[in-house]
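First the structure, in the form of structure tokens, and then the observations on it.
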Amino acid sequence: MWRWVRQQLGFDPPHQSDTRTIYIANRFPQNGLYTPQKFIDNRIISSKYTVWNFVPKNLFEQFRRVANFYFLIIFLVQLMIDTPTSPITSGLPLFFVITVTAIKQGYEDWLRHKSDNEVNGAPVYVVRSGGLVKTRSKNIRVGDIVRIAKDEIFPADLVLLSSDRVDGSCHVTTASLDGETNLKTHVAVPETAVLQTVAKLDTLIAVIECQQPEADLYRFIGRMILNQQMEEIVRPLGPESLLLRGARLKNTKEIFGVAIYTGMETKMALNYKSKSQKRSAVEKSMNTFLIIYLIILISEAIISTILKYTWQAEEKWDEPWYNQKTEHQRNSSKVEYVFTDKTGTLTENEMQFRECSINGIKYQEINGRLVAEGPTPESSEGLAYFRSFAHLSPSAHLTISSDSETELIKEQDLFFKAVGLCHTVQISSGQSDGLGDGPWHPDAVSSELEYYAASPDEKALVEAAARIGVVFMGSTEETMEIKTLGKLERYKLLHVLEFDSDRRRMSVIVQSPKGEKLLFSKGAESSILPNCIGGEIEKTRIHVDEFALKGLRTLCVAYRRFTPEEFEEVNRRLLDSRTALQQREEKLAEAFNFIERKLLLLGATGVEDRLQDKVRETIEALRMAGIKIWVLTGDKHETAISVSLSCGHFHRTMNILELVNQKSDSECAEQLRRLARRITEDHVIQHGLVVDGSSLSLALREHEKIFMDVCKSCCAVLCCRMAPLQKAKVIRLIKISPEKPITLAVGDGANDVSMIQEAHVGIGIMGKEGRQAARNSDYAIARFKFLSKLLFVHGHFYYIRIATLVQYFFYKNVCFITPQFLYQFYCLFSQQTLYDSVYLTLYNICFTSLPILIYSLLEQHVHPHVLQSKPTLYRDISKNRHLSIKTFLYWTILGFTHAFIFFFGCYFLIWKDISLLGNGQMFGNWTFGTLVFTVMVITVTVKMALETHFWTWINHVVTWGSIAFYFAFSLFYGGIFWSFLDIYFVFIQLLSSGSAWFAMILIVVTCLFLDVVKKVFDRQLYPTSTEKAQLAETNPGVECLESMCCFSEGQAAYASLGRMLDRVMGNYSAAQVNRSWSTSDPFCTNDRSILTLSTMDSSAC
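Just so you know, we're using my numbering here: the sequence shown kicks off at 113 and counts up by one.
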């Protein structure tokens, strides 16, 4: 604790230089002159509070809210000075809100503490004192050698020392870091790769020098200095040697690694954004309104004070002052940007082989069998069933009847051998034993083999080939083995031409069992087909387009046979380029292009990156609602584009712009200017933008404005190869743009936590990558498809409810306070209250609280089915229009108008001391105040009834029950026990006056009449889409009041009152008005809004 305080004050900085020196196994020099660097422990802290700082920190955060601070000031003022109202009026509600909020936030932080304790207390094995010691994750120190077993998560950032493999390699999956579920290969330096036991590792004397921690997941620079036989050996360390915390060990029995970054200095922790307090658009609007009302209250107080002392200074006001006892909700508001992860959010994290094209013939996999297009003799109805591969049956040799069929079968065999050999797939150790015994069965193969691949496409293709009968059995550095219908074939692996984004293909060169030198190549059709000189090129091109239209990920497969002379030339070029010290990448690219030509096309494959259910429909609905969608993913460029096309994020007709592989600021700026010109020149074409992580870093460095202009001009944006912190930075960039749009982020893994916490609204999907995203989100859902219901239904309901609550709260308090201010002009600003103190306290707590509370919980102004099926209704709450200044002014002016009518309506009723009671007694001060208060309670309650569309028995009970409770309470409070009160028997006398009853009815009707008229005319002349939906719900005969424009943006609504009258009088036919929605739509049947028109039969038109 003391060390942490010193670090915070700057007296004990954790790092003294730009690099850190780590002694493996913490074997420090024994000369006594070395001072070890100090590193933090391995604790992960995601919580916000501690036992010591919870109360002050939570109170500070709560009172940063303007509403809480406002009521705190009011409460303190009431405590310090003599006021006519009790401090309980402000203090009790404030205490309740603060307490409930503190309990809620404390419970949430306790859950985070619990999760941290589980992570920090996880058991791990560390090499210490020549043996394995079991300890907790939080006790790992920098320099410790840690043993990790298969399927365990790395507890810190480790440099790989050795594995159970001879070459020191291992495979990991980084799904929780960058969203990729594919395997990545990491290797140890040769000198430590042979140290596969604890005893051997105990003899290791080495030092690691590396950079200080940074958030970039793909960058690591370091070196290892080893002492062997009195000789110092230096080996470079890069990202291929670093195992990141949060990644999982796969397909490897165990590894040993040395911890170099621990705790909050790991790359995973540095990519997490600290949990901040979010402020919704509703709260921001409410803060603005509170400040305005605070100014109004201060102005009223200043005016009252000045007039008080001015009138007091005048001699004619020398009478004593009146004595007081002289007589008896959040942001799922309008979301404008949705940022979504891809893997596990839009997709199911599963690839499935669907179709292929071989030698110009298209095939599908149906029930584990590959069948070709065309009618079969067995199909009596002539349906487009398929013809099975004859060679896949154990008796295939009996069915071959011609040379053409033999040639076709050879092409098919070669195609699947190419698929089974041209890849970098790994097979789980020891799983291939015994597969060659007995007859071949596809089910047995699929159940016994487990493949791991860096590309999900490769894994799906190899599994499909195994189901067909060409089973990949594994590979070593020199050989690859496949079984064709149970027959083992061993190919010598000569060269691997790795995939890169420029070539967009990968190849292998193998030697067949017959001694032939073969090149198998696969890649995008744009990179394979131009290099082909034979095969069914045009037919395959058509099939590839058909696959793409179905949303499948396509790859073309080709091959080439080398003569001995050609292979010698190939071998020489590869050797020269791979050993070059200068311009190695350029020479390799040139050699690859020389080799991968003169290809013979074998066919193409179609793999489905299985989307979650209704993803395409959800994205289209979001787009119809006016929401812009950005996909932020850590996946590769090609994979991300393919999924964007298949899920509907990108359309086939879109012009896809790319900002990728930018190397410098100048190059990035020039590309951005080119993109901006293209967008300006093509006004009609829709554009989609693809940007990768490295280019994004350059664009945000010095070209932020032009980058944002390009992004905003595009209908869809795809960001690939994104680090978790970059995702948060992109959202931050949109949040702080001049338009200040509302952002929503949705993800399913730990790599999405930063962007979920940065966005205004964070959505966590409970997927296969754990519960980190759900735990750190504002809302958690099970599937992406539920996002539409969350926004269009619950978000719409929430916004309408909270907007009405905020405006109504201010309205009823303007009605409440303004008569008190006006009364001061008639009591010489003597602080005499117009209402009794009990009424002052209970007005907001009891008399007017329940109707708005139930409204905020139950209101459904449109049926949920309509909201979800008509996404364009979401546009009605765009730009926070229900909490706009215009709406705020309307409610404020309405409040002041009603307040003036309350006060002066009652005042003019008794202003000439007319007797309004049967016994000739006149109204007094408290009777006048009680009359004003009674009219006010009735009016604001009925006003809430006018705003309610969804009536249930609960609404009826609280609405009419609130008015009844007020009358019952006033009769009980002022007329039964407390004869010493100022208002004793006042309420009973008030109700005994017929004039008072007449005044109450007249004033209430006067207050609400203009408001009702305005609403009716607005609904008829300028209805919103939501109001049309309300009319259609209540009036099934009139399903749409305007043809073709009910929910289309930009169409004129009602042009004039005359058109409305003509329609009502029957000038429109039933065919003209009976459209837009089917009568089968299950509309809400219990809408009893006072402002809704009565039922109209379409036949009457």
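Idealized CB from N, CA, C, for every residue including glycine.
Computed from a predicted model, the values in this text were never measured in an experiment.
(request) Taking F1015 as part of the alpha helix (DSSP H), name the residues at either end of that continuous run. (result) 997-1022
(message) Would the segment 940-947 count as touching the segment 1055-1064 if we require 3 or more Cβ pairs under 8 Å?
(response) no
(message) Measuring only the C-alpha atoms, how far is L1102 from F1015?
(response) 16 Å
(request) Rank G746, I1066, W1109, A871 by C-alpha distance to the C-alpha of P836 and give the top, closest one. (result) G746
(message) Within a Cβ cutoff of 7 Å, which residues of the same chain sit near F674, ignoring the five residues on either side of it in sequence?
(response) K629, L631, V682
(message) I need the straight-line Cα distance from I337 to L316, nearest angstrom please.
(response) 11 Å
(message) Quick check on I512: buried or exposed, where buried means 16 or more other Cβ atoms within 10 Å of its Cβ?
(response) Low per-residue confidence applies at I512: pLDDT is 36, beneath 50, and the placement is therefore not dependable, though the value from the model is reported in the following sentence. Classification of I512: exposed, given that the 10 Å Cβ count is below 16.
(request) Using 10 angstroms around the beta-carbon of M867, count the other beta-carbons present and answer buried if the total reaches 16, otherwise exposed. (result) Result: buried.
(request) Mind checking which residues open and close the beta strand (DSSP E) that includes F674? (result) 665-674 is the extent of the beta strand (DSSP E) around F674.
(message) Going by beta-carbon coordinates alone, are A484 and R357 separated by less than 8 Å?
(response) Not in contact: A484 and R357 (Cβ atoms no closer than 8 Å).
(request) Kindly give me the distance between the Cβ atoms of K634 and I594, rounded to whole angstroms, as I take these residues to be in contact under 8 Å. (result) Not a contact, Cβ separation roughly 16 Å.
(message) Using 8 Å as the threshold, is the C-beta distance between V858 and Q980 below it?
(response) no
(message) Can you look up W164 in the DSSP assignment and give me helix, strand or coil?
(response) coil
(message) Please identify the residue among R481, V620, E460, G738 whose C-alpha is closest to the C-alpha of S990.
(response) G738
(request) Note down the Cα distance separating A496 from Y475, rounded to an integer number of angstroms. (result) Low confidence applies here, because A496 scores a pLDDT of 32, under 50, leaving its location unreliable and the question unanswered by this model.
(message) What residue range does the beta strand (DSSP E) around P235 cover?
(response) 235-240
(request) Kindly indicate which three-state DSSP category E816 falls into: helix, strand or coil? (result) helix
(message) Quick check on DSSP: helix, strand or coil for M336?
(response) strand
(request) Might you give, ordered along the chain, the residues of its own chain that have their beta carbon closer than 7 Å to the beta carbon of M1048, omitting 5 neighbours on each side? (result) C927, F928, F1014
(request) With DSSP as the reference, label P1220 as helix, strand or coil. (result) As displayed, the chain neither begins before 113 nor continues past 1213, which places residue 1220 out of reach and without an answer.
(message) Helix, strand or coil, according to DSSP, for N138 in the structure here?
(response) helix
(request) Let me know if T1039 comes out buried or exposed under the rule of 16 or more other beta-carbons within 10 Å of its beta-carbon. (result) buried
(request) Would you tell me roughly how many angstroms separate the C-alpha atoms of I1005 and M820, rounded to the nearest one? (result) 40 Å
(request) Mind reading off the beta-carbon distance from V755 to D721? Whole number of angstroms is fine, and I expect it under 8 Å. (result) 5 Å
(request) Take S849 and list the residues in its own chain whose beta-carbon comes closer than 7 Å to its own, dropping the five residues that flank it on each side. (result) Around S849: M820.
(request) Determine the extent of the beta strand (DSSP E) in which S825 is found, giving its start and end residues. (result) Note, S825: premise wrong, no beta strand (DSSP E); not H, not E.
(request) From the DSSP output, in three-state form, read off A371 for me. (result) The three-state secondary structure of A371, taken from DSSP, is strand.
(request) Would you mind reading off the limits of the alpha helix (DSSP H) that contains E303? (result) 302-305
(request) Tell me whether the beta-carbon of T855 lies closer than 8 Å to the beta-carbon of A840. (result) no
(request) Give the DSSP-derived three-state secondary structure of G1073 in the structure shown. (result) helix
(message) Going by DSSP in three states, H283 sits in which element: helix, strand or coil?
(response) strand
(request) In the DSSP assignment, find the unbroken alpha helix (DSSP H) run with H908 in it and report its ends. (result) Start and end: 908-936.
(request) Could you check the C-alpha separation between N170 and L406 for me, to the nearest Å? (result) 25 Å
(request) Could you spell out where the alpha helix (DSSP H) holding S754 opens and where it closes? (result) Unbroken alpha helix (DSSP H) run through S754: 749-759.
(request) Determine the direct distance from the alpha carbon of F1079 to that of G861, and round the result to whole angstroms. (result) Cα-Cα distance, rounded: 57 Å.
(request) Using only alpha-carbon positions, find the residue among V802, A327, K604, Y182 that is nearest to F1280. (result) The chain is shown from 113 up to 1213; residue 1280 falls before or after that span and cannot be answered.
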